[in-house]
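Letter by letter, the sequence shown follows residues 1 to 353 in the working numbering.
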Amino acid sequence: MNKTTLFEQHKNLGAKMVDFGGWSMPINYGSQINEHKVVRSDVGIFDVSHMSIFDLSGSEQEEFLKYLLPNDVNKIKNSGRALYSPLLNNDGGILDDLIVYNLGTHYRIISNCATRSQNHDWFLKQSKNYDVKIKLMSDLSIVAIQGPNSENILDKIGIYNLNTMSDFDVKIYNSSMIAKTGYTGEEGFEVVIDNSDVESFWMDLLEAGASPIGLGARDTLRLEAGLNLYGSDMDINNNPYESNLAWTIDLNDKNRDFIGKIALEDIKKDTYKELKGIILRDKGILRSHQLVEHKAGNGEILSGSYSPSFGFSIAFARLDKGHNGEGRVKIRNNEFKVEIVSPPFMKKGKMLI
Numbered sequence: 001m002n003k004t005t006l007f008e009q010h011k012n013l014g015a016k017m018v019d020f021g022g023w024s025m026p027i028n029y030g031s032q033i034n035e036h037k038v039v040r041s042d043v044g045i046f047d048v049s050h051m052s053i054f055d056l057s058g059s060e061q062e063e064f065l066k067y068l069l070p071n072d073v074n075k076i077k078n079s080g081r082a083l084y085s086p087l088l089n090n091d092g093g094i095l096d097d098l099i100v101y102n103l104g105t106h107y108r109i110i111s112n113c114a115t116r117s118q119n120h121d122w123f124l125k126q127s128k129n130y131d132v133k134i135k136l137m138s139d140l141s142i143v144a145i146q147g148p149n150s151e152n153i154l155d156k157i158g159i160y161n162l163n164t165m166s167d168f169d170v171k172i173y174n175s176s177m178i179a180k181t182g183y184t185g186e187e188g189f190e191v192v193i194d195n196s197d198v199e200s201f202w203m204d205l206l207e208a209g210a211s212p213i214g215l216g217a218r219d220t221l222r223l224e225a226g227l228n229l230y231g232s233d234m235d236i237n238n239n240p241y242e243s244n245l246a247w248t249i250d251l252n253d254k255n256r257d258f259i260g261k262i263a264l265e266d267i268k269k270d271t272y273k274e275l276k277g278i279i280l281r282d283k284g285i286l287r288s289h290q291l292v293e294h295k296a297g298n299g300e301i302l303s304g305s306y307s308p309s310f311g312f313s314i315a316f317a318r319l320d321k322g323h324n325g326e327g328r329v330k331i332r333n334n335e336f337k338v339e340i341v342s343p344p345f346m347k348k349g350k351m352l353i
C-alpha cells in the first residue's frame, strides 16, 4: 500500500484510513458531513498527494500536447495558466481527465492516481515523434486548500497577493506551484510542494485554523459542483459528448490533429446519451447503477449521494435524450419521482437548483 508523506499526520489527527487506488488515504477525520460543511462555509485542507504528477521537458512540449489532448494548449500559451482536458484514445474513449499547467520553463500534467501507469505508458508511446521527455515526479506532494476563507488562511501563513489570481491561474512561490484550481466548486488553491516541506506546510495551515478534510467529503463536494469522477461517471467506454465535456473539444484550429479527432467527428453525429443531474427530494439515497426512466427512454445513476448542502439526494446519470425534466428512479422495490437538471448543482457557495 502506498503512503503519502503526510500519512503519520493523518493518523495523529485520528483519520479513518482506506485503500484508494492503492494508496492509504483519509476518508474522514470524524464527521464527513461536518467536514463537507466546513469547506462550504470556511476552509478545509486535503492531502491529494496520491495524484500523479508528470513534468515535461524538451523543445516540442507544446506541439506534443496539442496532439495529445482534445483541448488546445494554445489557450495557455502564456505562462501562468492551466487547462482542463480529457485524455482520449484513438476511438474517442476517455482514458482519464487531467489538468495541464504552463509553468513558463516547462509544462506539467496532473492526473488521477489509479491511471498512473497507464498514463505514463501512453505519454511515452505518443511522444516518440516529438522532442519531449516525460518524468513522473515522486518527490512532490499536493495539498488542496478549499473554501471561501482559503485565501485568508494562506495569507495568515505568509503566502500573500493571491487575490490577483483568477481561476486556473498558476504561479511559482518559493519553489512551490500554486494553482487556483480545486475539486470542490469553492474558491480555493492547490499547492504542489516538495515532500521535504509538506509536513511543516500542513502543520502551519492547521495552526492557522484550517480543518483537515477527508476524501469522503471531497466526493460529495465535487458531486454538488458538477465535477465528474473518472471511473464512476466516465471511462474508456464513454466519449466526451455523452460525459458533459463537449466544451473541452477544441476544433477551432482546423489544421490541428489530435488523438481521437476523427472518431469524435463521427461520434458527435450519433450521440444519443447525455450526462445529467438528478434530484430526489423524497427520502431515499441515489446510488450507482439504479435505473432511471423518463418519457423518451431510460438511463443509469452514475455517482449518487446524500447532499449535505441541500439536505436531499443528488446524482449524475447517463440518460437517453428527450426528457422533459422529469423522471422516475427505482430504489429497491420502490419508485420515486426525480427532477432531471443540468449540473452543477452548486458553485462557489451559490445553490443553482
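C-beta atoms are modelled at their ideal positions from N, C-alpha and C, and glycine is treated no differently.
Pick from the options that is closest to residue i, judged by C-alpha positions
i: S127; options: D282, K66, A15 and K171; result: K66
i: Y230; options: N12, E62, E63 and L88; result: L88
i: M165; options: I142, S175, S141 and E190; result: E190
i: D96; options: L245, G297 and R318; result: L245
i: I354; options: I301, E8, F258 and F64; result: Outside the modelled stretch of the chain, which goes from 1 to 353, sits residue 354, for which no answer is possible.
i: V48; options: K75, F20, V73 and G30; result: F20
i: T271; options: L223, G322, L227 and R256; result: G322
i: N223; options: E242, N334, E186 and D42; result: Checking the sequence, you will find Leu at residue 223 rather than Asn. The option with the nearest alpha carbon to L223 is E186.
i: I99; options: L68, S196 and D121; result: L68
i: H50; options: V18, K75 and Y29; result: V18
i: L227; options: D197, E274 and M346; result: M346
i: M1; options: S176, N238, A217 and M25; result: M25
i: R287; options: S232, G30 and F258; result: S232
i: R281; options: S196, E199, S200 and Y306; result: Y306
i: D197; options: K125, D139 and N161; result: D139
i: D253; options: E199, G30, V73 and Q9; result: V73
i: Q9; options: F201, N163, D167 and K125; result: F201
Own chain, CB closer than 7 Å to residue i, minus 5 neighbours either side, in chain order
i: E293; result: G327 and R328
i: T248; result: P70, N71, Y84, S85, P86 and P240
i: H106; result: D55, L56, S57 and Q61
i: R116; result: S52
i: S79; result: N102, L103 and G104
i: K156; result: A208
i: P308; result: I33, H36, K37 and T220
i: Y173; result: I159
i: S342; result: K276 and G277
i: S176; result: V191, V192 and I193
i: I353; result: I279, V341 and F345
i: K75; result: L83
Exposed unless 16 or more other CB atoms sit within 10 angstroms - verdict on residue i
i: R40; result: buried
i: A82; result: buried
i: M203; result: exposed
i: K180; result: buried
i: I314; result: buried
i: G311; result: exposed
i: L251; result: exposed
i: A15; result: buried
i: G147; result: buried
i: L136; result: exposed
i: I262; result: exposed
i: N28; result: buried
Beta-carbon gap between residue i and residue j smaller than 9 Å
i: S111; j: N102; result: no
i: A114; j: Y183; result: no
i: I193; j: S150; result: no
i: I340; j: G304; result: no
i: W23; j: T4; result: yes
i: A317; j: K276; result: yes
i: D235; j: G93; result: yes
i: L215; j: F7; result: no
i: F123; j: I109; result: yes
i: G297; j: D320; result: yes
i: I259; j: N129; result: no
i: L205; j: V143; result: yes
Own chain residues within Cβ distance below 6 Å of residue i, not counting five before or after
i: G365; result: What is shown of the chain runs 1 to 353, which leaves residue 365 out entirely.
i: V170; result: G80, A82, Y101 and A179
i: I153; result: V43, A208 and A210
i: A217; result: Q32, E35 and H36
i: K273; result: E242 and R318
Residues of its chain near residue i, where Cβ-Cβ distance is below 8 Å and the 5 sequence neighbours each way are ignored
i: H289; result: E300 and I301
i: F264; result: Residue identity differs from the one stated: residue 264 is Leu in this sequence, not Phe. Once the five neighbours on either side are set aside, the close Cβ partners of L264 are P70, L88, G92, N239, P240, Y241 and I249.
i: K11; result: M17
i: G325; result: E339, I340 and V341
i: D257; result: Y67
i: G30; result: G14
i: N237; result: G93
Cβ-heavy atom distance, residue i to the ligand GDP, below 8 Å
i: V132; result: Inclusion of the ligand GDP in the displayed structure is not the case, the ligand content being empty and no account of it being possible.
- Item | alpha helix (DSSP H) runs contained entirely in the stretch 147-182, provided each spans 4 or more residues | You should have 150-156.
- Task: Any chance you could list the beta strand (DSSP E) runs of at least 3 consecutive residues sitting entirely within the stretch 293-336, in chain order?
- Result: 297-307, 312-320 and 326-331
- Report the residue ranges of all alpha helix (DSSP H) runs contained in full by the stretch 24-93; include only those spanning at least 4 residues, in chain order. The stretch 24-93 is shown to contain whole alpha helix (DSSP H) runs of 4 or more residues at 32-41 and 61-68, in chain order.
- Counting only runs of 4+ residues fully inside the stretch 181-220, write out the alpha helix (DSSP H) ranges in chain order. Correct list: 195-207.
- Query: Whole alpha helix (DSSP H) runs in the stretch 216-270 with 4 or more residues, listed along the chain?
  - Reply: 261-270
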